[in-house]
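Asker:
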Amino acid sequence: MIVSWQAPASLALILFLLGLAALLARRNLVFVLMSVEIMLNAAGLLFIAAGMRWGTPDGQIMFIAVLNLAGAELAVGLILLLRLRGRLTTLDGDAAVLLRDSS
Amino acid sequence: MMRDIWLVPALPLAGAVLLGLLGGKIPARLAAVIGASSVGLAAALAIRIALLWFAAPPPGDAFLLPLWTWITLPKFSAVVGLLIDPVSLVLILVISVIGFFIHLFSAEYMEGENGYARYFAYLNLFVASMLLLVLANDLLVMFVGWEGVGVCSYLLVGFWFEEENNGEAAQKSFIVTRVADIAMLIGILILALRFGTLDISTVLHGAVSAWPPGSFWPAVVAGLLLVGGLGKSAQVPLQTWLPDAMAGPTPVSALIHAATMVTAGVYLVVRLHVLFLLAPAVLHGIALGAALTVLLAACAGLVQSDIKRVLAYSTMGQIGYMFLGLGVGAWGAAMFHLASHAIFKALLFLSSGAVSMRLHHEQNIFAMGGLRTKLPLAFAAFLVGALCLAAVPVVGCGFFSKEFLLGAVWAQNPLLWGVGILGAFLTGVYIFRAVFTVFFGASVDVSGAYGVRVILPLTVLALAALGFGWLQTPDFLGGANIFSNVLAPALGGAATDASWPVALIGMAAPLAGIGLAYALHQNGFWRRQGAASPGLFVRFLQGGMGFDALYRAIFVKPFLWTVRVLKDDPVDQVFQLLQRAAVGLHKRLREEQNGKLRRYAGWMMAGSLATILAVVFS
Amino acid sequence: MSLCLLLAIPLLGGCLAWPADRLHPHLPRIISLLALAATLAVALPMLHGTSFWLADFSVPWIPAFGMSFHLGLDGMSWLLTVLTIVLGMFSIVVSWRENVEKIGFFHANLMWSLAGTIGVFLALDLFLFFYFWELMLVPMVFIIAIWGHEDRRIAAIKFFLFTQGSGLLILIGILGLAFLHQRATGVLTFGYFALLGHEPGGAAGFLIMLGLFIAFVVKLAAFPAHVWLPVTHTQAPTAGSVILASILLKTGAYGLLRFVVPLFPTASHTLAPIALWLGVASIFYGAVLAYGQNDFKRLIAYTSISHMGFVLIGVFVCNALAWQGVVFLLIAHGVSTGALFIIVGALQQRLHTRELSRMGGLWGDLPKLSSFGAFFVLAAMGLPGLGNFVGEFLILRGAYGAAPLITILAAIGLVPAALYSLIAIQRAFHGPVREARAIADFGWRENAMMLALAAAIIWLGVYPQPVLDVAAPSISAMGVTP
Amino acid sequence: MIFWPAALLAVVTTAIAVTGKNPVHALLWFVISLLAMAVVFFELGAAFAAALEVIVYAGAIVVLFLFVVMMLSLDKAAALREESWTKGPVWLLPVGFTGMLGVALAWQMLNTALPARPGRAVLPAAVGLKLFSTDFLAVEMASLLLLAGLVAAFHLAREAQK
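The following block contains the structure:
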């Protein structure tokens, strides 16, 4: 009510960039997943800021959708993390190169 | 009866086809019978036609038998037909009769060889092609025979194909003549474009009416056709193939590389002499080249040790004489020398073949000696041939024809006559060098006797060589003009005789040569020459004065270099560069697809960054 | 209607031959041979027509796009069709004794490719032409890829890429031509006669012509678009090589004669100097490379490039004499090169090598094969009296008036022709025997084939007039100067 | 005026979280960041979202995360490895990239013509009304998404036990 839309948008941008940098830099999959959460959260913040700017409930509805997505994604991601840990005994994302063809 | 002329080339052709198809299935004896009899029948027919001709010449002194239309198109047509006129009549007689005797000789000479039937098939095919060449009424048909004899020559030079050298000699002979033939083909193309046909009489009439003497086009055409003739006739500068062609069996050398095929160039010029008269410059060129050839052949003949190479150079020289005659417009004299040369050169080759038959195919003259008593028949035959070749007065046909020819040359150009006399002197030296070395002195061992198939050709040819010259004699020996009278309707009247001092020098030169050869034989010079390792100059002469080396440097080596450079198809390499680039790119991209999460994220990031930057800052 | 039979019989024959090998291994061969014989029986009597078009057949195909199923037969296409059928029969007989896997499918592909080729020679609708063009090429890719020799994969890929590239150019060309024609006249059509005489001008017309020219020159395998040919011909099985060299190459020349020059007289006239020099380059390049080859099949493949140089020159001097020569050379080259590939195939079957360095002295062991080999090598060299000479001479004669320098160079190109011919004879048949061999000479089947081909090439050489007469009306109708 | 301190807290704690070596510590820092975010939401007039942020995000999701990480039983070696994985140069490219992206987006934001005006609070009632009237389908989709996540997680977990 006090702040203009630029302030939360800038915050969202900074948080998103932090998450992105970490996503690119970290090899530990725990941190990768956390980065994704940070980025999702930043996106949610932008939605809420936009909702505030226009005074409509759509921003918060989209935030709920993002929350949903984050929950579902994390559930699957964490299970995959556990499975990977069981199979490769490491959390190194660079070691998980099973996608590459054999040669 | 004249209409049966088609049988003359057809019989040997049929023989060739028969032998080619039945080849391995029939006994050798039958192959020889087929081979010889087909040519023999052709010879008999040719003689029959000749007799009829002399009894009652057809109107216009020419007889044309059109056979079938080869090509008829709006702007070009060619008809296959056979033309008998005095020139072709003389030649078919020479070819078929001498051809028959050589077939006969071959039957014994080649006995026991592999590919006996193949040999006769080639030989028959050669005779058929040669007859077609001389009988053709159309330059394109003549070209068929022209290339046909070339191919047969190639096949026969390389007859003993297991030897790599024979193959190379055969290829060389074909390629050199092929180069010449391409020039001839271009000349033919010009004529075809100009006149729409290649019928010889039409072309000649057209040329006379279209082109003034001494103008550009007849010189070009005549020059190009002449190149073809020079190639076939082994004249400077296309002579290099002939000595190597001696790799073939000796009867082949006798027939193809002495008596008939190599004179095709002479025949070509005689046949088209009307065209050549329009190009005086070309005629001068012919004479000059011929003089060079005569000297070169005589000098090279002096130092050869292989008897066949001696004879090969002598062939080159004698054809040089014929071209000398052509150069001064003495068509009839050239034809007479052609016929007499065919007889005595066939005789020389056959007798040398008869000698080497008994010496396990030895051809080095210094490995022979004293054969006069051991092989009297071969000696007699070779001696007759040598006397004719050296043009010893009155004895053989060579004297009469050379006398006739040099007389005509003297009337035109005394300088060329001088060259001819020098050549005659040297000819006397080198051929008697061979005679003395082979047949006199210390003797080598030989054994065996000749069969009738050798005796008969040698005897008949020797008698013919002795008798043939009397058809055309100089004034002081009766002045017979039978030969030139026969040719007169086609080639015009006989040339005048030379005055007696000229004739005397002409007679003295070969005698002096023989005397010198004898003197050098007596003091053992020839033997020493054979034993010593040759010096630089002698090697130069032996190798035909460096033409081979020159051609190797300027044609063969660059060609082989090009072949080596291009062998792997550089254009293909260019296309393969594209392929390599694609494969390289594939490898790079494949490395990126490595399953590493961060790399994928990085690339996605880079892509979206690029997009965003483009959107924001554009 | 009988034109449809010319296409339907080989197509059906192929379909029947495919499953027939389950009954008996020889059955596909017999079916294919019978089908081709029937096609020949249909084709031969068609020559006796009264009009210039010997036969014509047209039904609407896709009327919305102006495409029709239009076939037409004139003298030139009759000659090439008969050549296709006859050499197709030879290519079946040549592999009679070979142990071919999946023999039914092999013959099916062979027949389909032949049907496509016949279609190419008959089609008078440009889109139909393209359709047959593809029908001709795709089975050939299979033939190379499945039944080829050691490097068949690369050969098949190369063949596929080059032919599909040229096919794409043809497609773009005919679409562009049809659209330009529609813009000019308001009618969308792919009909040959509708497009004839409406040359699109300007840069667009020239580019379309250039596209078609490149496509057909690739197929003709003239320098520098020849690179697919040596490897393809070398790696294809004998029957495939025969069809490739004797027939498929001819479709390129046919395309130039039938489409490029008549549809684009002005533009092709502009291009003619370049085409002529490409022809000269082909002659020498092919000949020099042929000389350097060690693989006998590859050597023959390069000689084809040399001969196609003559064809290219003949096409682009644009006069009737040269075109007669072109048609004639196509036929003679088909016969002589087909025979040579059969001979080399027979040699490979016996010696298990194509390398000249391992041959030599074969005349002693295989006199019949060697004599035929030498005969056809000499025929290919252009020995007067045999078929190729007549074609080459007419091309040279026709070209001489238009382009003397080109003609002289082309004639000089006959010297390297002699060189590669003689070196082939020398290295394969003559020379010392290098290895002891126990091999059989030609049997009666091969002898009969060779004799028939030799008779054909001699007949073409000494009595070419009937062939010239058949081709004459088509050529004069195509609007070249007489 | 609690927005700015909260925002600063969120940025700082997030930065500590993403650069941390110990996953458990990092996650705890992340929880603090989320709580700060909840304050920001509240300040922006989205009370409902703020509540959800605390209850669902910090309370459920991240705690679940924490449990799993604790299950991984990280040892000393893992910490050392983590040390080597997060050395300075590793950050060079990512920070460069994100810096460029930040510049581009900030530039875009500064150049946006949208006027800055005070926003309005959106009450939970409005959210609820819209959610269960016009956006009903979105709710169903969200439930489907959760169901899919549930099924996937169940499936993967079952296979893991095998």
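Those protein sequence lines, which keep their order, are chains G, X, Z and R. Under our numbering, the first sequence has 104 at position 95, and the numbering climbs by one with no breaks. Under our numbering, the second sequence has 380 at position 375, and the numbering climbs by one with no breaks. Under our numbering, the third sequence has 1693 at position 237, and the numbering climbs by one with no breaks. Under our numbering, the fourth sequence has 83 at position 81, and the numbering climbs by one with no breaks. No residue lacks a Cβ here, since even glycine has one placed at the ideal position from N, Cα and C.
1. Report, in whole angstroms, the separation of the C-beta atoms of Z/ASP1607 and Z/VAL1515, which I expect to be a contact under 8 Å.
2. Alpha carbon to alpha carbon, how far is X/MET512 from X/ALA429?
3. To the nearest angstrom, how far is it from the Cα of G/SER111 to the Cα of G/LEU93?
4. First and last residue of the alpha helix (DSSP H) that includes Z/ALA1634?
5. Just to confirm, are Z/ALA1778 and Z/GLY1708 a CB contact at a threshold of 8 Å?
6. Whole angstroms are fine: how far does the CA of X/SER93 sit from the CA of X/ASN142?
7. Smallest Cα separation from X/GLY306: which of X/ALA611, X/VAL543, X/ILE559?
8. Which same chain residues end up closer than 6 Å to Z/THR1645 when comparing Cβ atoms and leaving out the 5 residues on each side of it in sequence?
9. Starting from X/ALA606, find everything on chain G with Cβ-Cβ shorter than 7 Å and list it in chain order.
10. Taking X/ARG603 as the query, report the chain G residues whose CB atoms sit under 9 Å from its CB, ordered along the chain.
11. Just list the alpha helix (DSSP H) runs in the segment 5 to 36 of chain R, keeping only unbroken ones of 4 residues or longer that don't cross its boundaries, in chain order.
12. Assign Z/HIS1763 to one of two classes, buried (16 or more other C-beta atoms within 10 Å of its C-beta) or exposed (fewer than that).
13. With a CB to CB cut of under 8 Å and the five nearest residues on each side skipped, what residues in its chain are close to Z/CYS1471?
14. Select from the segment 122 to 149 of chain R all residues with a C-beta closer than 8 Å to any C-beta belonging to chain G, and list them in chain order.
15. Would you tell me roughly how many angstroms separate the C-alpha atoms of R/MET39 and R/ALA12, rounded to the nearest one?
16. In chain order, what residues of the segment 575 to 591 of chain X put their CB closer than 7 Å to some CB of chain Z?
17. Along the segment 432 to 444 of chain X, where does the CB come closer than 7 Å to a CB of chain Z? Name the residues.
18. What are the boundary residues of the alpha helix (DSSP H) that includes Z/PRO1516?
19. Classify G/LEU26 as buried or exposed, calling it buried when 16 or more other Cβ atoms lie within 10 Å of its own Cβ.
20. Which one or two residues does DSSP pair with Z/GLY1528 in a beta bridge?
21. Does the distance from the C-beta atom of Z/ALA1692 to that of Z/ALA1611 stay below 8 Å?
22. Who are the neighbours of R/GLU84 on chain G, taking C-beta pairs under 7 Å?
23. What is the C-beta distance between X/HIS677 and X/PHE444, in whole angstroms, given that I count them as a contact (C-beta under 8 Å)?
24. By the three-class DSSP mapping on this structure, what secondary structure does X/SER624 have?
25. Name, going along the chain, the residues of the segment 539 to 570 of chain X whose beta-carbon falls closer than 8 Å to a beta-carbon of chain Z.
26. Can you tell me the Cα-Cα spacing of X/LEU329 and X/GLY234, whole angstroms?
27. Using the three-state DSSP reduction, which class does Z/ALA1677 fall into: helix, strand or coil?
28. Pull up the distance between the alpha-carbon of Z/LEU1479 and that of Z/PHE1831, whole angstroms please.
29. Using a threshold of 8 Å, state whether the C-beta atoms of R/THR100 and G/ALA30 are closer than that.
30. Give me the Cα-Cα distance between Z/LEU1463 and Z/TRP1589, rounded to the nearest whole angstrom.
31. Touch check for the segment 220 to 230 of chain X and the segment 260 to 280 of chain X: three-plus C-beta pairs under 8 Å?
32. Does chain R have any CB closer than 8 Å to the CB of X/MET610?
33. With three or more C-beta pairs closer than 8 Å as the rule, is the segment 1860 to 1876 of chain Z touching the segment 183 to 203 of chain X?
34. Note down, in chain order, every chain G residue with its Cβ under 7 Å from the Cβ of R/ALA159.
35. If you drop the 5 nearest sequence neighbours on each side, which residues of the same chain put their C-beta closer than 8 Å to that of Z/TRP1733?
36. If X/VAL13 and X/SER134 are in contact, beta carbons under 8 Å, what's the gap, nearest whole angstrom?
Answerer: Put simply:
1. Numbered from its first residue, the third sequence carries residue 1607 of chain Z at position 151. Numbered from its first residue, the third sequence carries residue 1515 of chain Z at position 59. Wrong, their Cβ atoms sit about 44 Å apart, outside the cutoff.
2. Against the second sequence, residue 512 of chain X aligns to sequence position 507. Against the second sequence, residue 429 of chain X aligns to sequence position 424. Distance between the alpha carbons of X/MET512 and X/ALA429: 9 Å.
3. In the first sequence, the residue the question calls residue 111 of chain G occupies position 102. In the first sequence, the residue the question calls residue 93 of chain G occupies position 84. Reliability of the predicted coordinates at G/SER111 is poor, the pLDDT of 49 falling under 50, and the value obtained from them is presented with this limitation in mind. Whole-angstrom Cα-Cα distance: 19 Å.
4. Taking the first residue of the third sequence as position 1, residue 1634 of chain Z is located at position 178. Looking at the DSSP string, the run of the alpha helix (DSSP H) that includes Z/ALA1634 is 1608 to 1641.
5. Within the third sequence, residue 1778 of chain Z is the residue found at index 322, counting from 1. Within the third sequence, residue 1708 of chain Z is the residue found at index 252, counting from 1. In this structure, Z/ALA1778 sits away from Z/GLY1708, with a CB-CB distance that is not shorter than 8 Å.
6. Position 137 of the second sequence, counted from the start, is the residue given in the question as residue 142 of chain X. Position 88 of the second sequence, counted from the start, is the residue given in the question as residue 93 of chain X. X/ASN142 and X/SER93: Cα-Cα distance of roughly 10 Å.
7. As a position in the second sequence, residue 306 of chain X is number 301, starting the count at 1. Answer by Cα proximity: X/VAL543.
8. Here residue 1645 of chain Z corresponds to residue number 189 of the third sequence, with the count starting at 1. So the list reads GLY1522, once near-sequence residues are dropped.
9. The residue given as residue 606 of chain X occupies position 601 in the second sequence. What X/ALA606 touches in chain G: LEU32, LEU33.
10. Sequence index remark: in the second sequence, residue 603 of chain X carries index 598 (1-based). Near X/ARG603 (Cβ distances below 9 Å), the residues of chain G are LEU32, LEU33, ALA34, ARG35, ARG36, VAL41, GLY102, ASP103.
11. 5 to 21
12. For the purposes of this step, residue 1763 of chain Z is taken as the residue at position 307 of the third sequence. Of the residues assessed, Z/HIS1763 falls on the buried side of the cut-off, its CB having 16 or more other CB atoms within 10 angstroms.
13. Here residue 1471 of chain Z refers to the residue found at position 15 of the third sequence. Counting only Cβ-Cβ distances below 8 Å, and skipping sequence neighbours, we find ALA1564.
14. ARG122, ALA123, VAL124, ALA128, VAL129, LEU131, LYS132, LEU133, ASP137, ALA140, ALA144, LEU147, LEU148
15. In the fourth sequence, the residue the question calls residue 39 of chain R occupies position 37. In the fourth sequence, the residue the question calls residue 12 of chain R occupies position 10. The straight-line gap from Cα to Cα measures roughly 6 Å.
16. VAL576, ASP577, PHE580
17. none
18. Taking the third sequence and counting its residues from 1, one reaches residue 1516 of chain Z at position 60. Boundaries around Z/PRO1516 are those of the beta strand (DSSP E), 1511 to 1518, since no alpha helix (DSSP H) includes it.
19. Locating residue 26 of chain G in the first sequence gives position 17, counting from the first residue. Per the 10 Å Cβ criterion, buried.
20. Counting from 1 along the third sequence, the entry for residue 1528 of chain Z is found at position 72. In the DSSP output, where bridge partners are listed per residue, Z/GLY1528 has Z/ASP1512.
21. In the third sequence, counting from the first residue as 1, residue 1692 of chain Z sits at position 236. In the third sequence, counting from the first residue as 1, residue 1611 of chain Z sits at position 155. If you check the CB distance, Z/ALA1692 and Z/ALA1611 come in under 8 Å.
22. Residue numbering aside, residue 84 of chain R sits at position 82 when the fourth sequence is read from its first letter. The contacting residues are ASN37.
23. Here chain X has residues from 6 to 623 only, and residue 677 of chain X is not among them.
24. Given that chain X is displayed from residue 6 to residue 623, the structure contains no residue 624 of chain X and the question cannot be resolved.
25. PHE564, THR567, VAL568, ARG569
26. The count along the second sequence starts at 1 and reaches residue 329 of chain X at position 324. The count along the second sequence starts at 1 and reaches residue 234 of chain X at position 229. Rounded to the nearest angstrom, the two C-alpha atoms are 14 Å apart.
27. Counting from one through the third sequence, the residue named residue 1677 of chain Z turns up at place 221. Note: Z/ALA1677 maps to coil in three-state DSSP.
28. As a position in the third sequence, residue 1479 of chain Z is number 23, starting the count at 1. As a position in the third sequence, residue 1831 of chain Z is number 375, starting the count at 1. Going from the Cα of Z/LEU1479 to the Cα of Z/PHE1831 covers about 40 Å.
29. Taking the first residue of the fourth sequence as 1, we reach residue 100 of chain R at position 98. Taking the first residue of the first sequence as 1, we reach residue 30 of chain G at position 21. Contact flag set, yes.
30. Locating residue 1463 of chain Z in the third sequence gives position 7, counting from the first residue. Locating residue 1589 of chain Z in the third sequence gives position 133, counting from the first residue. Each residue's alpha carbon lies about 13 Å from the other.
31. Yes: at least three Cβ pairs fall under 8 Å.
32. Counted from its first residue, the second sequence places residue 610 of chain X at position 605. Taking Cβ atoms only, chain R reaches closer than 8 Å to X/MET610, which makes this a yes.
33. yes
34. Within the fourth sequence, the letter at position 157 stands for residue 159 of chain R. In chain order: ILE88.
35. Indexing the third sequence from 1 puts residue 1733 of chain Z at position 277. So the list reads ILE1862, once near-sequence residues are dropped.
36. The residue you call residue 13 of chain X lines up with position 8 of the second sequence. The residue you call residue 134 of chain X lines up with position 129 of the second sequence. Not really, about 12 Å apart at Cβ, beyond 8 Å.
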